[in-house]
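Protein chains in written order, with the numbering used here: chain A, 546 to 994; chain B, 546 to 994; chain C, 546 to 994; chain D, 546 to 994.
Even glycine gets a Cβ: it sits at the ideal position worked out from N, Cα and C.
It should be emphasised that the depicted structure is a prediction, and the values quoted were computed from it without experimental measurement.
See structure below.
Protein chains: 4
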Amino acid sequence: MPDHSQYTSSIHYDKRLYRHDIDGSLAHVRMLAKQDIISQEDAASIADGLAQVRREIETDVFPWDAGLEDLHMNIESRLTQLIGPVAGRMHTGRSRNDQIALDMRLYTKDVIAQTIKGLRGVQGSLVALSERYPKVVMPGYTHTQRAQPVLFAHHMLAYFQMFRRDVSRLRDAYKRTDVMPLGSGALAGVAYPLDREFVASELGFKEISANSMDAVSDRDFVVEYLAAAALCMTHLSRLAEEMVLWSSQEFGFITLSDEFTTGSSIMPQKRNPDFAELARGKTGRVYGHLLALLTVLKGLPLTYNRDLQEDKEGFFDTVDTLLSTLEVFKDMLASLTLHKSRVTSLAGEGQALATELADYLVGKGIPFREAHGAVRQLCQFAELEGKELSNLDLAEYRRFSPQFDEGVFDITAESATAARNILGGTAPIRVAKALAQAKKLLEDEADGL
Amino acid sequence: MPDHSQYTSSIHYDKRLYRHDIDGSLAHVRMLAKQDIISQEDAASIADGLAQVRREIETDVFPWDAGLEDLHMNIESRLTQLIGPVAGRMHTGRSRNDQIALDMRLYTKDVIAQTIKGLRGVQGSLVALSERYPKVVMPGYTHTQRAQPVLFAHHMLAYFQMFRRDVSRLRDAYKRTDVMPLGSGALAGVAYPLDREFVASELGFKEISANSMDAVSDRDFVVEYLAAAALCMTHLSRLAEEMVLWSSQEFGFITLSDEFTTGSSIMPQKRNPDFAELARGKTGRVYGHLLALLTVLKGLPLTYNRDLQEDKEGFFDTVDTLLSTLEVFKDMLASLTLHKSRVTSLAGEGQALATELADYLVGKGIPFREAHGAVRQLCQFAELEGKELSNLDLAEYRRFSPQFDEGVFDITAESATAARNILGGTAPIRVAKALAQAKKLLEDEADGL
Amino acid sequence: MPDHSQYTSSIHYDKRLYRHDIDGSLAHVRMLAKQDIISQEDAASIADGLAQVRREIETDVFPWDAGLEDLHMNIESRLTQLIGPVAGRMHTGRSRNDQIALDMRLYTKDVIAQTIKGLRGVQGSLVALSERYPKVVMPGYTHTQRAQPVLFAHHMLAYFQMFRRDVSRLRDAYKRTDVMPLGSGALAGVAYPLDREFVASELGFKEISANSMDAVSDRDFVVEYLAAAALCMTHLSRLAEEMVLWSSQEFGFITLSDEFTTGSSIMPQKRNPDFAELARGKTGRVYGHLLALLTVLKGLPLTYNRDLQEDKEGFFDTVDTLLSTLEVFKDMLASLTLHKSRVTSLAGEGQALATELADYLVGKGIPFREAHGAVRQLCQFAELEGKELSNLDLAEYRRFSPQFDEGVFDITAESATAARNILGGTAPIRVAKALAQAKKLLEDEADGL
Amino acid sequence: MPDHSQYTSSIHYDKRLYRHDIDGSLAHVRMLAKQDIISQEDAASIADGLAQVRREIETDVFPWDAGLEDLHMNIESRLTQLIGPVAGRMHTGRSRNDQIALDMRLYTKDVIAQTIKGLRGVQGSLVALSERYPKVVMPGYTHTQRAQPVLFAHHMLAYFQMFRRDVSRLRDAYKRTDVMPLGSGALAGVAYPLDREFVASELGFKEISANSMDAVSDRDFVVEYLAAAALCMTHLSRLAEEMVLWSSQEFGFITLSDEFTTGSSIMPQKRNPDFAELARGKTGRVYGHLLALLTVLKGLPLTYNRDLQEDKEGFFDTVDTLLSTLEVFKDMLASLTLHKSRVTSLAGEGQALATELADYLVGKGIPFREAHGAVRQLCQFAELEGKELSNLDLAEYRRFSPQFDEGVFDITAESATAARNILGGTAPIRVAKALAQAKKLLEDEADGL
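Next comes the structure, spelled out in structure tokens:
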């Protein structure tokens with residue numbers, strides 16, 4: 546029979562957790578010694594050995610052995626080579642089941658912090674971009690149809706809000722990750738007088754798991770990270786889509802910097818927005834990883850089952866995908882050029898100000914629905930005549946409502962945006978305030994979690 | 546050309562939001578009057594008309610018209626019939642885009658509260674079940690293989706913890722749902738001096754949306770509910786799987802009450818755990834709805850796009866599925882019978898106490914790995930001999946380690962559980978404390994959110 | 546305890562299968578009589594009763610009873626009312642497990658045929674549209690950047706190919722659906738001398754299931770339909786995306802007919818492509834249903850489990866979604882207007898002909914990579930100068946390659962498309978042939994499967 | 546700005562396609578020479594260079610350069626080093642867009658063939674296992690409740706049927722993969738007189754793509770493989786679930802060989818079915834990859850977009866997962882031990898023969914529903930009395946139907962299976978025939994596709 550051990554081996558990907566695994570073992574061993582479960586000498590010897598193991602890994606001289614299946618076994622085996630059978634005491638009062646739960650939680654806490662940092666970077670670029678073009682008016686869209694003029698900065702700050710929710714969501718996920726599982730043993734708790742609070746404190750955990758059977762089979766925190774990542778990628782995919790559209794010749798709103806476009810092997814003129822497209826595409830894989838883990842967990846009886854080993858690869862890939870995509874967006878946004886005159890000219894063109902005309906009639910006392918109906922007819926008339934609304938004369942306006950007067954010619958994209966002077970609205974004064982708040986939030990929360 | 550209007554119609558499912566839609570309109574209209582945007586008389590007339598509409602809907606006499614596409618149009622049309630063209634003033638300073646965002650948020654807040662209540666119900670049954678069998682020992686499993694004895698109550702409380710996280714997750718989602726979007730207009734904010742704080746306060750919202758473009762295109766709160774629901778269904782599916790396994794003839798651990806089993810059209814003896822199976826199966830549809838909405842949102846440019854209409858059916862079905870499944874589990878758990886003697890006898894049978902033997906040797910000073918190795922050989926020996934560990938004599942024990950002495954015969958399933966006297970462990974004293982805490986938590990938080 | 550029977554009830558959706566269920570029962574009963582398992586009189590009586598049941602259902606007078614859980618029970622119960630206890634003989638040699646498998650297969654065969662018909666309808670509209678604009682040149686895109694000119698008809702026929710694969714895929718799925726499961730009983734086969742070939746022949750099945758345990762637990766054919774539907778919706782979503790982009794003001798390529806656009810409650814000028822957007826959005830739900838059923842099936846032990854009841858709602862919704870979306874596209878495509886002068890003028894604009902220039906140099910003997918490099922520099926030069934390539938003079942061309950001569954000015958969008966005179970290419974002569982083949986295929990296969 | 550080129554680089558995974566890429570280039574170049582588009586000398590020089598490149602890759606001395614982004618660029622760059630600028634002629638009349646489409650199709654054709662071979666291996670083990678235990682009777686289950694006795698071989702052959710459908714599905718997918726895209730250029734076809742038929746024939750393709758725009762943007766064939774793989778993993782996950790259940794102490798049906806179980810770091814007695822669990826878990830990742838690619842493709846405008854680069858990693862991982870899982874099952878099944886006496890004794894135990902009793906009454910002329918009702922009451926009576934059905938006396942039987950006579954004691958698990966003598970049924974004579982057919986099928990189709 547051929548050797549199938551590769552099938553269950555995880556060492557090629559779980560080695561990523563080496564730092565968390567060693568940190569966990571060190572804290573566990575310190576506690577074992579404190580509780581007189583092992584001797585101080587043994588603890589010191591193990592600690593020295595683990596320090597050596599860590600150095601070897603970090604200097605790439607560690608003798609990884611795929612035959613040893615996983616990270617824990619690789620480290621323990623090397624430790625035994627280094628310090629002899631006393632290495633065997635390290636695993637006292639511990640199981641691989643609570644050990645891997647610990648490693649995963651330490652790692653997840655780390656990556657949540659990194660992800661928040663990445664989000665802050667993108668938010669910073671959005672703020673900087675808004676500051677660069679604080680009053681540029683552009684067409685706002687619904688249904689990919691021009692709807693009403695908005696400030697470019699207002700559009701950018703919409704994404705700021707999305708990423709703000711992402712940060713908030715990750716912080717909440719952090720709370721449920723910040724729970725120390727060691728002491729749960731294989732499933733039932735352990736028969737040694739461990740000091741779980743001590744271990745938690747050493748490792749910086751806020752809480753201690755309350756039920757051993759739950760603790761070894763719980764991967765909710767990974768799912769929750771994946772779900773948060775899926776939403777975050779969704780936001781990035783929407784921004785990516787706009788980058789792609791806006792850099793098309795038809796829109797012509799922006800030019801991406803050369804770093805974020807690529808040429809074609811056959812078409813010499815091409816400057817393709819490959820980074821934005823790829824980010825949009827990578828959304829799929831994050832959704833896939835979320836669904837994969839949910840599928841793994843569905844219907845699993847308690848407690849630990851080997852299926853749970855499948856919690857890692859998709860998770861790690863999600864982390865790598867999300868962090869790198871955030872890095873890309875930070876710099877892609879920072880380096881793009883907005884074509885101000887192009888977007889400004891389109892902002893008031895065509896029938897983009899039709900809502901203003903309706904509001905104008907409402908201001909004259911006409912019920913909204915009636916005003917809306919009059920302007921709709923006006924728009925159809927203009928289209929048939931092949932004219933822009935701004936090129937109609939007053940007589941033409943008045944064919945649709947006698948309430949129209951000269952004031953109608955004061956309506957511009959600028960007046961339209963200025964009129965939306967309401968909390969959350971696109972009036973320049975409101976956007977300036979929102980921008981100031983965004984900057985302040987970034988400063989106040991610069992320290993991460 | 547055939548009529549395709551049915552394709553875009555949503556009235557057959559969005560009518561579910563009628564209460565929230567009317568509440569929102571009432572608050573909006575009160576505010577419009579307070580701000581002198583419409584007259585008090587008009588406001589009163591609209592309020593009376595909406596009250597009438599609500600009564601008609603609740604007494605099933607409302608003239609729903611599929612031709613009117615959606616809930617908003619049905620209500621406004623009927624309102625116009627009832628009070629005349631003044632109905633048209635209700636929509637002043639509002640768009641269907643921010644209106645539906647409001648309705649969805651009001652609804653989601655409601656269903657989060659209901660879901661938490663449903664979770665509390667299941668937790669209550671778990672607590673009651675644990676109290677009914679507070680000290681029954683049963684086999685604990687890893688890999689669906691007997692591992693170590695645990696208390697049945699400990700096993701049940703593992704699920705208590707999962708549902709506790711579900712509650713916590715939903716509360717966090719609530720925060721991000723509790724944001725009032727009205728005033729965002731179609732996308733850019735509105736040109737009327739609305740008092741958004743007033744509307745928020747009237748409707749019981751904590752926050753006001755900070756960016757109009759984000760507010761009309763944000764469905765994060767629905768995704769977040771779906772993700773929380775997916776995890777919650779995952780937990781229920783695990784419990785369902787155990788109900789199915791435990792009620793098999795092979796396990797024979799429990800009997801489900803007749804209400805939760807069904808017979809066969811062909812096999813007269815059958816008592817199938819259909820409810821548990823169906824709950825397990827329904828997990829799939831909730832995963833599907835989560836993926837569906839993520840897919841809808843992926844790559845959508847700002848702001849509102851008609852794709853967003855797809856945020857409802859899967860969401861509503863998720864709510865119905867989750868709430869009814871929670872109801873089922875509450876009563877299915879409450880009414881099941883545990884076969885105490887069966888589970889107790891299995892708890893110490895076979896090699897379920899092997900870990901105890903290893904710990905026993907560690908207690909004699911042997912490094913854990915060595916003790917583990919000795920007991921592994923002992924187990925293989927017993928298996929070859931066809932004996933239970935408890936039937937070996939001391940001489941046989943000592944063939945594998947000279948440290949074994951008479952004390953080995955004091956090891957029982959009860960001693961094994963009692964030994965796991967650690968926070969989160971399965972010792973009866975710990976489980977009793979955990980049970981008391983669980984009860985207290987339910988009492989303290991009986992009031993919902 | 547509240548009544549939970551609603552939880553397991555399926556009658557509100559499985560009633561859709563009534564026709565297939567009755568057809569199946571009729572064939573089964575005919576066979577029972579032929580085999581002398583029941584008497585001819587009983588068979589005749591059951592057949593009369595079932596005919597009556599069918600009439601009652603089709604005239605909406607059937608007394609559906611939610612308390613009777615499912616379709617089978619509703620029909621059998623009514624049959625018993627109509628013809629007395631002899632109704633009980635109908636279920637001889639049959640189980641609900643093989644009965645529902647039969648119903649689902651009959652239904653799936655029907656919907657595959659309907660879906661293929663729907664696809665033919667869309668293909669017909671693509672062909673008609675291509676014939677309406679057989680030689681219009683438009684910009685072809687990669688990366689949503691203009692790449693090379695193509696014929697509009699060539700672009701449309703790309704979708705023809707996608708739908709052709711969909712048809713092919715559904716036909717293959719049909720083969721695996723066309724398998725008669727009756728006779729499998731609950732799981733083990735039945736102890737009656739049934740004539741399975743007879744039943745298969747009566748019901749128009751090509752094959753008979755080969756293993757009873759597989760037959761009652763197999764839902765592969767539903768998954769396969771869902772997967773085919775997911776791909777088909779993917780194709781429609783791509784076309785929808787192009788409808789949305791092309792009808793934006795920025796592209797301005799097409800105008801959708803009024804039936805397929807909708808206005809705004811607030812913006813009087815809007816003509817939103819709601820149908821295309823909704824179709825794009827509905828792709829999500831079909832993906833979700835596919836994932837849902839896969840999740841249901843994952844890890845299910847043999848044979849029938851109640852989880853399998855979850856094979857229906859998502860499937861039925863997929864069928865409804867796909868069939869209605871195909872209907873929408875058939876008419877939306879048939880009624881759209883292409884702005885010929887707009888797309889034609891853009892086809893040769895800017896740097897869309899750069900590849901032609903490189904090919905031109907290759908024609909002069911320059912290796913492709915070198916030619917490509919020269920034209921890339923030429924394009925950068927033109928961009929810096931703010932000129933179109935077509936406005937450069939020969940001296941400017943020759944700065945980048947001495948091989949350029951007067952012939953360069955003969956390059957146009959038309960010459961570029963004509964040059965791609967290769968099987969599958971966009972040359973008008975090739976597209977005309979492809980169009981003729983497409984028409985022939987539709988004629989040859991007009992008869993469905 | 547940091548270097549982001551890693552983000553778009555694919556060389557770390559697309560190098561897997563080197564063989565297909567080189568084969569494709571060789572055929573393309575031969576054709577270019579045949580068509581006099583390049584000279585025979587240049588073609589020979591390129592062919593020699595590519596042979597050298599292939600040797601370097603296969604002997605692990607190829608200078609992979611991550612800076613060169615992808616496989617094509619790495620190969621072309623090395624080729625240029627080896628043979629000079631003539632290397633540039635290789636890309637004449639080709640784009641990376643049709644080139645990667647070709648590579649992916651060649652690769653997919655290969656892996657379909659390998660997957661079918663893997664499926665044949667598992668089917669072979671199922672057949673061998675059935676032959677090893679051709680007449681062993683075991684309990685058959687519905688709802689994880691004992692239902693009716695079945696032959697173990699019948700149960701195994703149910704899986705044979707599932708995998709047979711998988712083979713059939715993959716063959717159908719093969720047809721749609723077997724289409725040669727070269728000549729499509731970037732999107733519009735090429736302006737060179739390529740001989741596409743020649744290239745197709747050289748590379749062993751049956752068809753040539755009919756539309757260039759479709760050809761460069763089509764990834765249906767990858768989705769179709771993923772969907773087929775998802776179903777195949779579903780089947781394997783069901784078998785895995787049964788391996789896990791059957792090797793539990795409670796079932797005790799089988800023992801997996803040591804190669805397919807693993808121990809515990811803490812519980813010395815454990816023999817966990819890790820391979821089966823991991824296979825079950827890996828189902829999730831395949832579902833995830835399927836959904837990921839569908840998500841990538843949703844709403845993509847024509848033609849090539851960089852999002853399409855995301856077609857590879859999940860696909861490759863699916864291939865590796867599926868092929869290795871098939872290998873594992875082939876050997877895991879071949880080496881398992883069935884505990885014949887255990888399963889046989891359970892087959893007739895309890896109320897597993899209740900259906901037989903009902904059929905027995907039907908044989909006496911009682912309508913099925915009535916017989917079913919009588920036996921149901923009999924079962925309840927036996928349960929209350931705490932007796933097995935086989936231990937009731939005739940008087941007890943006759944309390945529920947006067948039709949019971951001595952013949953009732955002839956009913957056994959063996960008689961029950963023998964009675965199901967119908968095509969697809971579990972009667973030994975039928976199973977033997979099914980087994981013979983299965984063997985024949987494997988022999989007839991040993992040659993692969």
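Sort out for me which residues DSSP pairs residue i with in a bridge.
i, result
"A:P684", "A:P694"
"B:V724", "B:E752"
"C:N817", "C:T807"
"D:I799", "D:L883"
List the residues of chain B that residue i touches, going by C-beta distances under 9 Å, in chain order.
i, result
"D:L882", "Here residue 882 of chain D turns out to be Thr, not Leu, going by the sequence shown. By Cβ distance, chain B contributes nothing, its closest Cβ being about 14 Å from D:T882, past 9 Å."
Let me check understanding here. Comparing Cα to Cα, which of the options lies closest to residue i?
i, options, result
"A:F807", "A:T800, A:I799, A:F798 and A:N817", "A quick correction: the sequence has Thr, not Phe, at residue 807 of chain A. Of A:T800, A:I799, A:F798 and A:N817, the residue nearest in Cα terms is A:N817."
"C:D711", "C:K662, C:F743, C:K843 and C:V681", "C:K662"
"B:E988", "B:R639, B:G669, B:H617 and B:N642", "B:G669"
"B:Q690", "A:M725, A:S622, A:N850 and A:S550", "A:N850"
For residue i, go through chain B and note every residue whose CB falls closer than 7 Å to its CB, in chain order.
i, result
"D:A903", "P813"
"A:A775", "L839"
"A:Q693", "A731, L732 and A733"
"A:T971", "A733, G734 and S757"
Could you round the C-beta distance between residue i and residue j to whole angstroms and report it? I think they count as a contact, below 8 Å.
i, j, result
"D:P973", "B:R921", "Not confirmed; about 42 Å, so no contact."
"B:M778", "A:D759", "With 8 Å as the limit, B:M778 and A:D759 do not qualify as a contact, their Cβ atoms being about 17 Å apart."
"D:D655", "D:H617", "D:D655 to D:H617, Cβ: 19 Å. No contact."
Can you pull the chain B neighbours of residue i, defined as C-beta to C-beta under 8 Å?
i, result
"A:N642", "T687"
"A:L790", "P846"
Residue i touches chain D at which residues, Cβ-Cβ below 7 Å?
i, result
"B:Q1048", "Residue 1048 of chain B is absent from the model: chain B starts at 546 and stops at 994."
Could you name the residues of chain C that residue i contacts, counting a contact when the two beta carbons are closer than 7 Å?
i, result
"D:V768", "L776"
Just by C-beta distance, which residues in the stretch 813–829 of chain B are closer than 8 Å to chain D? P813, Q814, K815, R816, N817, P818, D819 and E822
Interfacial residues, the stretch 913–945 of chain D to chain C, with Cβ spacing under 8 Å: F913, R914 and E915
At a CB distance below 8 Å, what residues from the stretch 701–732 of chain D approach chain C? Give them in sequence order. L702, A703, Y704, F705, Q706, M707, R710, S713, R714, D717, K720, R721, G728, S729, G730, A731 and L732
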